[in-house]
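**Student:** Attaching a single structure in structure tokens format; questions to follow.
2 protein chains.
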Amino acid sequence: MATPPFNTRQRILGAAEELFARHGFAGASLRRVTAAAKVNLAAVNYHFGSKDNLIEEVFRRRLDDLNARRLDRLGSVAGRADTTLETVLDAFIGPALEQSMDRHGGSAFVRVLARAYAEQDDRLRKFLSQNYGHVLKQFAVEFSRLLPHLDKEELYWRLDIVAGALTYAMADFGVIKRREGENEKHYRERAAQHLVQFAAAGLRAA
Amino acid sequence: MATPPFNTRQRILGAAEELFARHGFAGASLRRVTAAAKVNLAAVNYHFGSKDNLIEEVFRRRLDDLNARRLDRLGSVAGRADTTLETVLDAFIGPALEQSMDRHGGSAFVRVLARAYAEQDDRLRKFLSQNYGHVLKQFAVEFSRLLPHLDKEELYWRLDIVAGALTYAMADFGVIKRREGENEKHYRERAAQHLVQFAAAGLRAA
DNA sequence: CTATGATTCAAACAGTCGTTTCATACGCGA
DNA sequence: TCGCGTATGAAACGACTGTTTGAATCATAG
Numbered sequence: 001m002a003t004p005p006f007n008t009r010q011r012i013l014g015a016a017e018e019l020f021a022r023h024g025f026a027g028a029s030l031r032r033v034t035a036a037a038k039v040n041l042a043a044v045n046y047h048f049g050s051k052d053n054l055i056e057e058v059f060r061r062r063l064d065d066l067n068a069r070r071l072d073r074l075g076s077v078a079g080r081a082d083t084t085l086e087t088v089l090d091a092f093i094g095p096a097l098e099q100s101m102d103r104h105g106g107s108a109f110v111r112v113l114a115r116a117y118a119e120q121d122d123r124l125r126k127f128l129s130q131n132y133g134h135v136l137k138q139f140a141v142e143f144s145r146l147l148p149h150l151d152k153e154e155l156y157w158r159l160d161i162v163a164g165a166l167t168y169a170m171a172d173f174g175v176i177k178r179r180e181g182e183n184e185k186h187y188r189e190r191a192a193q194h195l196v197q198f199a200a201a202g203l204r205a206a
Numbered sequence: 207m208a209t210p211p212f213n214t215r216q217r218i219l220g221a222a223e224e225l226f227a228r229h230g231f232a233g234a235s236l237r238r239v240t241a242a243a244k245v246n247l248a249a250v251n252y253h254f255g256s257k258d259n260l261i262e263e264v265f266r267r268r269l270d271d272l273n274a275r276r277l278d279r280l281g282s283v284a285g286r287a288d289t290t291l292e293t294v295l296d297a298f299i300g301p302a303l304e305q306s307m308d309r310h311g312g313s314a315f316v317r318v319l320a321r322a323y324a325e326q327d328d329r330l331r332k333f334l335s336q337n338y339g340h341v342l343k344q345f346a347v348e349f350s351r352l353l354p355h356l357d358k359e360e361l362y363w364r365l366d367i368v369a370g371a372l373t374y375a376m377a378d379f380g381v382i383k384r385r386e387g388e389n390e391k392h393y394r395e396r397a398a399q400h401l402v403q404f405a406a407a408g409l410r411a412a
């Protein structure tokens with residue numbers, strides 16, 4: 001159990017995350033994942049049991065921490081009189097932004113998340129909904145408080161759109177490319193700022 | 207060359223569209239596609255040459271028509287004094303909406319489009335950009351005219367977000383589900399209406 | 001040291017992948 | 001009816017898939 005940051009487990013998870021982002025879950029084979037991680041092919045089934053479990057673990061590793069920090073920041077603003085829409089949106093987007101910029105290439109994970117969105121696979125959907133669905137519900141409660149003019153259905157429509165927009169934008173699939181020489185950090189911060197601004201206006205629309 | 211609507215070619219394209227939407231490009235094998243289309247396995251390579259070409263053809267079949275109608279509607283409002291943001295957005299979203307509701311299951315195609323967005327594959331990206339990039343450019347010109355307070359970079363940021371939001375929302379990946387007994391047509395129309403409203407407000411944000 | 005459990009390794013499993021081959025059946029003008 | 005290009009069919013190609021096996025190696029406790 002030595003050298004925790006360069007564990008066989010962690011090396012596999014890191015390589016899987018990167019390759020799942022680039023080629024999708026079906027498109028990234030365990031042979032390519034283990035080769036990238038410089039571990040033996042059998043290590044995946046030894047440590048995770050199956051490819052499906054590996055996929056779930058890729059999500060769990062990031063989402064446990066990510067959603068904990070989201071709820072933490074939400075908790076510190078929820079119900080307060082001076083809380084704005086932008087504050088709540090930032091509580092959701094900010095942690096994702098920070099994670100995407102940490103040392104060990106969390107930037108691939110937001111792209112994996114976008115893949116998950118596109119995935120129609122029932123198993124994966126159920127896993128994500130069962131484990132992290134309560135986070136979205138908590139945010140919905142606060143949004144509902146700040147947007148009393150929207151009925152429940154209308155609110156859910158807009159939150160759905162917001163979720164899609166930020167998933168897509170954070171995963172930088174679009175045409176916007178970082179300018180040469182521009183700091184990756186600055187780029188992502190600006191992306192988040194644009195997102196919050198846009199989403200807040202959309203949510204407020206009459 | 208008999209029975210054009212139930213051609214072997216068309217049957218393959220229809221089955222491929224449906225299965226690509228559900229399982230992704232790598233996840234849907236030619237054997238499952240040809241089985242669903244009730245044609246021989248070799249028919250794909252006979253009619254399309256390769257799986258990659260089949261994928262491109264799935265896009266071409268829908269996008270040629272879709273983008274032509276988008277540009278047509280854009281042409282009838284571009285440059286006019288009474289044109290609003292909502293009008294232009296509708297020129298983009300409307301045709302996609304109509305196509306998704308036509309008889310022969312065009313509804314799967316919007317989900318395939320969302321898959322393509324998530325795909326990092328260079329070949330597919332280049333194909334889409336080379337063949338349909340000019341459509342987005344034309345719309346950007348008109349948006350630029352209606353949003354003079356935004357500089358070029360700001361505008362592109364927002365259009366990027368809009369593209370993401372509408373792609374995901376139209377593909378109904380989210381949590382919003384059609385109510386039982388509710389007409390699919392009404393559902394999609396309402397989705398488009400919410401989208402236009404949301405996107406317009408986001409684009410207008412100071 | 002030896003013993004023991006955890007981990008890594010090369011190799012093989014059966015199954016599926018995209019693609020190719022070649023024989024057969026079809027539609028149709030001569 | 002013949003012949004010819006178009007299309008479909010069953011079968012096989014080698015490569016690759018996720019998973020399993022059993023032996024080799026490692027770290028550590030006694």
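For the record, the sequence lines run as chains U and A.
For the first sequence, position 147 matches number 147 in the numbering used here, and the numbering has no gaps at all.
For the second sequence, position 173 matches number 379 in the numbering used here, and the numbering has no gaps at all.
We put the CB at the ideal spot given by N, CA and C, even for glycine.
(1) What residues in the region 305-336 of chain A bring their beta carbon closer than 9 Å to a beta carbon of chain U?
(2) Classify U/Arg-80 as buried or exposed, calling it buried when 16 or more other Cβ atoms lie within 10 Å of its own Cβ.
(3) DSSP on U/Met-101, reduced to helix/strand/coil?
(4) What do you get for A/Val-294, buried or exposed, if any count of 16 or more other CB atoms within 10 angstroms of its CB means buried?
(5) Between which two residues does the alpha helix (DSSP H) holding U/Leu-136 run?
(6) Return helix, strand or coil for U/Ala-201, following the three-state DSSP convention.
(7) Apart from the five residues on each side of it in sequence, which residues of its chain come closer than 8 Å, Cβ to Cβ, to A/Thr-289?
(8) Could you check what DSSP says for U/His-149 in three-state terms: helix, strand or coil?
(9) Can you confirm whether U/Arg-22, when its beta carbon is compared against all beta carbons of chain A, has any partner nearer than 8 Å?
(10) Judging by CA-CA distance, which residue of A/Lys-332, A/Leu-291 and A/Met-376 is the nearest neighbour of A/Val-318?
(11) Against chain U, which members of the region 394-406 of chain A pass a CB distance test of less than 9 Å?
(12) Check the Cβ-Cβ distances between A/Tyr-338 and every residue of chain U, and say whether any is below 8 Å.
(13) Under a CB-based cut-off of 8 Å, is A/Ala-208 close to chain U?
(14) What residue from A/Arg-267, A/Asn-213, A/Asn-259 and A/Ala-274 has the CA that sits closest to A/Gly-312's CA?
(15) Could you give the distance in angstroms between the alpha-carbon of U/Met-1 and the alpha-carbon of A/Gln-305?
(16) Assuming U/Thr-34 and U/Ala-43 make a contact with CB atoms under 8 Å, what is their CB distance in whole Å?
(17) Check whether the Cβ atoms of U/Ile-55 and U/Ala-192 sit closer than 8 Å, and answer yes or no.
(18) Looking at the structure shown, is U/Gly-24 part of a helix, part of a strand, or coil, going by DSSP?
(19) Going by DSSP in three states, U/Gly-87 sits in which element: helix, strand or coil?
(20) Under a Cβ-count criterion, where at least 16 other Cβ atoms within 10 Å of its own Cβ denotes burial, should U/Gln-197 be classed as buried or exposed?
(21) Could you compute how far the alpha carbon of A/Tyr-252 sits from the alpha carbon of A/Leu-225?
(22) Quick one: is A/Asn-273 buried, meaning 16 or more other Cβ sit within 10 Å of its Cβ, or exposed?
(23) Strictly below 8 Å CB to CB, what residues from chain A border U/Arg-204?
(24) Does any CB atom of chain U fall closer than 8 Å to the CB of A/Gly-370?
(25) Just the chain A side, please: which residues come within less than 7 Å of U/Gly-27 by C-beta, in chain order?
(26) Can you list, in chain order, the residues of its chain with a C-beta nearer than 6 Å to that of U/Pro-95? Leave out the 5 residues immediately preceding and following it.
(27) Roughly how many angstroms separate the alpha carbons of U/Trp-157 and U/Leu-203, rounded to a whole number?
(28) Roughly how many whole angstroms lie between the Cα atoms of A/Arg-394 and A/Ala-371?
(29) Leaving aside the five residues before and after A/Thr-214 along the sequence, list all residues of the same chain whose C-beta is less than 6 Å from its C-beta, in chain order.
(30) Using the beta-carbon count (16 or more within 10 Å), is A/Phe-231 buried or exposed?
**Tutor:** Reading it off the structure:
(1) Arg-317, Ala-320, Arg-321, Tyr-323, Ala-324, Glu-325, Gln-326, Asp-327 and Ser-335
(2) exposed
(3) coil
(4) buried
(5) 122-146
(6) helix
(7) Val-283, Glu-348 and Leu-352
(8) coil
(9) yes
(10) A/Met-376
(11) Arg-396, Ala-397, His-400, Leu-401, Gln-403, Phe-404, Ala-405 and Ala-406
(12) no
(13) For A/Ala-208, the predicted model reports a pLDDT of 38, less than 50, meaning its position is unreliable and no value from the coordinates is stated.
(14) A/Arg-267
(15) The predicted model places U/Met-1 with a pLDDT of 41, which falls under 50 and marks its position as unreliable, so this point remains unresolved.
(16) 6 Å
(17) no
(18) helix
(19) A quick correction: the sequence has Thr, not Gly, at residue 87 of chain U. Looking at U/Thr-87 - three-state DSSP - the assignment turns out to be helix.
(20) buried
(21) 20 Å
(22) buried
(23) Ala-407
(24) yes
(25) Ala-232
(26) Leu-66, Arg-69 and Arg-70
(27) 10 Å
(28) 15 Å
(29) Val-245 and Ala-249
(30) buried
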